[in-house]
C-alpha cells in the first residue's frame, strides 16, 4: 500500500519510504518503513492510518527532556516503543542551538555565533556520524528494522528532519537506493515541514520581538550542506559508507542481508 508524503496530518513531515528503487532494481516495500515527526499531535484519522498500516514497532530518537515537554504519543494498538536517544545535551553545539531556539542572548556563545548557525548544524551532522550515542542509536535502529518482528516500523524524532533524516539516509543507503533519490527524500522535509516551521517562527516572534530569524531558520530547515557534512565525515573517518555501516554502526553482513531481504520487494 503506497501512500504519498505527509501521510499523517498531525505529523506533516511523515512519509512512507516504500516505492524507492533499491539494490538489484527491487523496490522498497510499501508500508514497511514510515518516517515521521513526533506522534503527539496525531488526530483520530491519523491513528486510523497507523492501524491500517499495522505499525508494530516505533523507534523514538528523542531524549527524555524532549519527550517530557511534548504531547503524549498517540499510536494505534500497542506497538513496541523503543527509545533510542540520539542526543548529547552537554555538547557545546547542542547547547548553542538550544539557546538559539529559546531566543536567548548568544553572547555566551561568541565563537559559535561567529561561525553561524548553519556551521553549527553541519557540526551536529558530523556528530551524527561519530558521536557514541548517535552510533549506538542508529545502529540499533537498523538492527530493529532488519527483524521482521518489528515491521512495519515507524521512526521519528521531534521534527522528523535531522536525526530521522540521517537514519533514513542510513537505511536507504543500506537498501541500495541511489544517492539522488536519498537526497531528494531528505530535502523534502523543507516542503512537508513548511507550515510547522512558519508556525514555530510566529510563536517565537511573539515571545521575542527582536528575534534574529537568520539565526533560527537554519535550525528549522534541512540543507544540502548539512547532509554533505555528514557524508564528508563518513568518508574521512570510515573511508566509505560501507565502512561506516560496518565499523561505525557495528552492522554485520547478516544484518544487512536480512534488512534487504525483508524490506526489498
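Numbering (our numbering), first residue to last: 2 to 266. Ideal Cβ placement from N, Cα and C applies to all residues, glycine included. Note that the coordinates shown come from a computational prediction; the quantities given were computed from them, not determined experimentally.
- The criterion of a C-beta distance shorter than 9 angstroms is not satisfied by residue 186 and residue 202.
- The C-beta distance from residue 47 to residue 14 rounds to 13 angstroms, too long to meet the 8 angstroms contact threshold.
- Close CB contacts of residue 41 within its chain, under the 7 angstroms cut and outside five residues either way in sequence, are with 71, 72, 73, 74, 75 (chain order).
- At a Cβ-Cβ threshold of 9 angstroms, residue 61 and residue 29 do not count as neighbours.
- For residue 83, the secondary structure class from DSSP, reduced to helix, strand or coil, is strand.
- DSSP places residue 8 in the coil class of the three-state scheme, outside both helix and strand.
- Taking all protein chains shown into account, residue 63 has 16 or more neighbouring C-beta atoms within 10 Å of its C-beta and is therefore buried.
- When the alpha-carbon of residue 179 is set against those of 7, 25, 216, the nearest one is in 25.
- According to the DSSP secondary-structure assignment, residue 37 is paired through a beta bridge with 157.
- Between residue 265 and residue 223, the gap from beta carbon to beta carbon reaches 9 angstroms or more.
- Ranked by Cα distance from residue 139, the options 122, 215, 8, 88 are led by 88.
- As the crow flies, the alpha-carbon of residue 163 is around 20 angstroms from that of residue 43.
- A residue is called buried once 16 or more other Cβ atoms fall within 10 Å of its Cβ, and residue 256 is buried on that count.
- Here DSSP, grouped into helix, strand and coil, assigns residue 223 to coil.
- Pairing residue 57 with residue 86 gives a Cβ-Cβ distance that is not under 9 angstroms.
- The C-alpha of residue 247 lies about 6 angstroms from the C-alpha of residue 253.
- In the DSSP assignment, the residues bridged to residue 265 are 29.
- Within its own chain, the residues whose Cβ lies closer than 6 angstroms to the Cβ of residue 126, once the five positions on either side in sequence are excluded, are 227, 230, 231, listed in chain order.
- Pairing residue 154 with residue 34 gives a Cβ-Cβ distance under 9 angstroms.
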